[in-house]
Amino acid sequence: MKKLCTCYISVCILAFIAISAVGNGLDGAQGEVKSLNLHATAFQESPNSFDFYGIGGIAYDNSSGLWIGINEGNPGAGLQKEVEKPRIYSFRPNWGSSSTNEDSSPRGTIDILSSHEINPGDGLKCEGIAKVPKCESAAFETEEYWLVSESNSNTEKTNSYFSKRFGHVDLNTFVPGSRRDSRFVRVSSNGTLLEEIALPKWMLWDGVYDWDPWKCYGNRVLKGLHSLTLLEASEENEVDTTQLIMMNQLALYQDGPEPTIFEGSHIRIMFWDVVSSNDGDNQSCTQHVKYSRSYRYQTSRMIIDTFQKGARHVRGVFGVLAISSTEFLITETELLEGFGIVKFISDVFYVKIDSANDTVDHCDSLVDCEEISIPMKRHLLRRHHPYEMSSLAWGPKVEKNGVLLPTVAMSFEDDDVVGILMELYTLNITNLAFEPIWENNIDSSKFVLQRVSVLSAVCLLFAAGIILQYCWIRKQGMKEQTNQSIASHDGNVTRRRLKYNDYVLGSAIANSTLLGGVVFGFPGLVLILRREGVFAEVCSCGVFCAGQQEKLSIISTIGFASAISSRLFAGIFLDHFGPKLTALCSGIVSSAGLIYLAMAEDVSQITSRITGGWILLAVGGSAMHLTSFHVTNLRCTKADKRKSSLHVSAGFGAGSLVLPILQVVNQYGDVKLQTICQFYAAVAIFLTVNSFLIQPWRAWNSLGSQAECDFNFLKSSWWPKKELHKKKTLTALKNTNDQKFPPLKEALKSFAFWGECFWFSSQLFLLTYYLSTINQILFALGDAKVNQNVDSLLNNMYTRASIFFNGFGFLWSPIVGYVMKTRSIYFRVYLEIAMAFVMSLMLTVPNLELQVMVFLLQALVRLQVFSNHFAYIAERFGFRHFGLLNGISSLIAGMFGLLGYMLQIFSVFIANGNFGLSFFMVAGLVLSSCVFPFVLKRKDLAIPKETEKVTAEEASLNVNEYDLSCQEVKQIQKTPMLTHT
């Protein structure tokens, strides 16, 4: 067996090495630039006297030689410096150096010639501009412009800690009622809004929210219309009718998901025909536009490696230029914005549609429009820039080497630093067809196979460890036989009594699992509430925005705080009124919370009730869990008592699986939250009634206690005796066999209690800090989505696995039980500290696959911590004040856990998102808790041992005629099976 254990440990070490060597191998590529060459730059800093910043679109006027720009405007749309309404500018660049180095000198300047506010401009967030061509028949016309405004809203700021978004505003969290759809307008040169052009209904968000974005319709908030260009009728362009071309930044909801690291987003290239109409005596005319057709396009996949969960990460179309009706220059920009980091990558592509007849207007969704192929892209240019690329426009033609070349202007902006930075490139159109072909997507099968292989290997190691436990226990003779019988009538009664004791213990474990530990499966509830649309009124469709995260995090925090802080009061109640009344009251509280949620009629009522219902469930479950531990005194030896305490703690840990399992029922079985709460309320009521019938009025305070099987509560003898009411507390009653424990004051002054509080607090700090950061750690190391399908189990596989492994800790019960039965408290605590220390060090290693191995170790450490904690308090101080002492230690551990907030702030702002450094500190804290077993052992060795004397009265419990002493029970268990004839 020792060889087998050595082999298993060796396999685990080899698995660590092999799994750590696995890599992602995801990266983008780019070819040599031939067609675009930088010609000149111009710059205008911000702030400036013209409020010239946030420039969303630019256009060049060939007739005047001036440039026209439009800023975004729209307060609350994410601008650090906000303008009440967008403004339209005319300006002239004084082109300077052609260097792309932002610190180069000299660099050209920009002269601002005019500035006019768009009126009325409320709700506009302008991202594209094109000049309206003049009618040939009109004698005189003022300058006019078409503008496109992307869908936007007023942004609502959220708490950074609760929403886990530091250093930037989440633009997907908006003030309810402030959302505006994408718009298409015509304005005059002095800013007067002349016409609101109706967009097709399929472009507008239907206002429906669903956690699955594919079930919504229309454009995404802040990801709508973003590019506009004009293609004038001419023989050179091979176009008979002047046309406007526009594109959304990202796909419409019905056209598919946003980009992932594997595939891009499907977008429509939309064409509008420009039609002239004369007014009156031909002194003026109006250019009208009419929607014509659209073609398909796909963006590239995400390229920037992310390391922050909750960071703003977007890749979409930011500019389009039409060379002809089937040829385009399209610019994509990828943005990563988080705490301490801002990255931009801009790519320019040449795109040619195979045929002008390959329109997609007949397709309800581009995902299902397989008969129209995605056009080929050729990569022209990549810019790693410190500023956001905002627009693409044609510029004036320039002569180069005796050849007149068209130019392309790219504009960049940063509200508080850059008003606009313009880069002018010459374009060699003849080289476009020879640029390197760009692949939008990469095959995710290898990535998925890698993830599945790693998880499969870890699961096999876990299963092997579980099997090895049972083999070890059987070899050591620690697995007890259950075949006890005796031919006499008294033997049958004893067997029934033993089975009833097991039933009582099983009920206690069920209470801890289904009520006590259920609140620790909160991630499962988060998915249920997202699917039900709770707190979704501040989010875009399919987005888990910061506003929703904040509100759900507040519920989680309040729930955990209520569960921890209420233990002190629940413990005092348990000590004064006994386990029966405590179980009854706690069960009623938990059931009330579930019934309160089950009675909700719609999403709005769930939203208003979820906080109160969750608090009731957390408080009731926490108190119910405390009533489970005195049941361990139904065992006859300290070893068996520890084992039973372990089972209760294991059940409590398994409770974190309940909500994730119910979430699967909710998602794949389409069972509503109200129905789940109705079912679970029935379970809670059954557990409450069962506990009230089987729990004693006073706690079983000594080993070898016997549960009395009596459900006839109609008898007066079932209720507490009159003399009980004469005592201050029900648990103050003593039996002659009660074990001697130190009084409360002595316990509160002892190192045995406060040293254990320090050890428990430090270990619990590691566990809670791990649970609050593991999602961020896994995301930072590459636990990515394979696709945007919310029903896919392949997305964030490691994060999903961490939730279930956290609940499967009870499977380590055999080995933990073996250690608890055969080793002293000093050895058990040292062993747990060693494992926790190794776990902390593993969390400092920036390797994704290695963190999966931490799942197994964390589940084992968690089970040891709670099992040792509750068993120690019960053995050391008894059950007369168990509730109060446990409540104090839990409260201290909870308050100590608040330091995790400071450590997260340190990791975010000082360590730039690196949580590994913080776990070095946690490892030091864990190691320092060795002072508890070291000092405790020295103090215990200094106390002289007294010889135990067992009197005849103490040897038997004498509760009723069927109760037997532990010695008699052991004798019955050793009696071989007899055949009764």
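Residues -25 to -1, 1 to 956, numbered by mature numbering (1 follows the signal peptide of the UniProt record, and there is no 0), are exactly what the sequence shown covers, in order. Beta carbons: idealized from backbone N, C-alpha and C, even for Gly.
Going by C-alpha to C-alpha distance, which of VAL664, VAL342, THR401, LYS724 sits closest to ASN376? THR401
I'd like the list of long-range same chain contacts for THR308, defined as Cβ closer than 6 Å, with 5 residues on each side in sequence excluded. PHE293, SER321, MET364
At what residues does the beta strand (DSSP E) containing THR586 begin and finish? Per DSSP, THR586 belongs to no beta strand (DSSP E); it is in the alpha helix (DSSP H), 578 to 601.
Roughly how far, in whole angstroms, is the beta-carbon of SER788 from the beta-carbon of LEU621, given that I think they are within contact range, below 8 Å? 6 Å
Exercise for the section: Please name the residue, chosen from MET277, LEU878, SER126, that lies closest to SER747 on a Cα-to-Cα basis. Expected result: LEU878
Compute every distance between the C-beta of SER300 and the non-hydrogen atoms of the ligand SAM, then say whether any falls below 7 Å.
Of ligands this structure carries none, so the ligand SAM is not represented either.
**Study point:** Expected contact under 8 Å - CB spacing of GLU131 and VAL518 to nearest Å
**Key:** About 13 Å; that fails the 8 Å criterion.
Are the beta-carbon atoms belonging to GLN229 and ILE349 less than 8 Å from one another? no
Go ahead and pull the three-state DSSP assignment for HIS241.
strand
How would you write the range of the alpha helix (DSSP H) that LYS724 sits in, first residue to last? 719 to 724
- Segments of 4+ residues assigned as alpha helix (DSSP H) that fall wholly inside the region 634 to 693: 648 to 669
Helix, strand or coil, according to DSSP, for ASN46 in the structure here?
strand
* Sequence-distant residues of its chain with Cβ nearer than 7 Å to CYS520 (five each side left out) -> ASP145, ASN147, THR148, VAL513, CYS514
Rounded separation between LEU304 and LEU200 - CA only: 17 Å
_Where HIS622 sits in the DSSP three-state scheme_ = helix
Environment of THR607 [buried if 16+ CB atoms lie within 10 Å]:
buried
- Provide the residue span of the beta strand (DSSP E) that contains ILE305, from first to last. 302 to 313
_Cut-off 6 Å between Cβ atoms - residues of its own chain near PRO717, not counting five sequence neighbours on either side_ = none
_Under DSSP, the alpha helix (DSSP H) around MET772 begins and ends at which residues?_
772 to 782
task = With ASP329 as the anchor, note down where its alpha helix (DSSP H) starts and where it stops.
result = First-last for ASP329: undefined, no H or E at that position.
- Message: If you reduce the DSSP assignment to three classes, tell me which class GLN224 lands in.
- Response: coil
- In chain order, what residues of the same chain have a beta carbon less than 7 Å from the beta carbon of residue 959, not counting five sequence neighbours either side? For the chain, the structure presents residues -25 to 956; residue 959 sits outside this window and is missing.
Give the DSSP-derived three-state secondary structure of TYR805 in the structure shown.
helix
- Under the rule that 16 or more other beta-carbon atoms within 10 Å means buried, what is ASP339, buried or exposed? exposed
Nearest residue (CA-CA) to LEU874, options LEU742, GLY193, GLY103, LEU179: LEU742
### Query
Is DSSP giving GLY466 helix, strand or coil here?
Confidence at GLY466 is low in this model, with a pLDDT of 47, below 50, so its placement is unreliable and the value that follows should be read with caution. DSSP places GLY466 in helix when its eight states are reduced to three.
Helix, strand or coil at SER124 [DSSP, three-state]: strand
Q.
For ARG271 and ARG243, which I take to be in contact (beta-carbon distance under 8 Å), what is that distance rounded to the nearest angstrom?
A. 7 Å
* Which word fits ASP550, buried or exposed, when buried means at least 16 other C-beta atoms lie within 10 angstroms of its C-beta? -> buried
Using CA coordinates, which residue listed in HIS288, THR216, SER209 is at the minimum distance from THR236? A small fix is needed here, since residue 236 is Ile in this sequence, not Thr. The candidate whose alpha carbon is nearest that of ILE236 is HIS288.
* From ALA485 to PHE890, what does the alpha carbon distance come to, in whole angstroms? -> 36 Å
Residue(s) in a DSSP beta bridge with TYR35
TRP42
* Figure out for me which residue from ASN676, PHE686, GLN681, PHE654 has the closest Cα to the Cα of ILE669. => PHE686
- Message: Using CA atoms only, rank isn't needed, just tell me which of CYS732, CYS446, PHE895 is closest to ILE863.
- Response: CYS732
- Query: Closest by CA to VAL901, which one among LYS372, CYS110, SER737, ALA17?
  - Reply: SER737
By alpha-carbon positions, which one of ALA598, ALA625, VAL378 ends up nearest to LEU556?
ALA598
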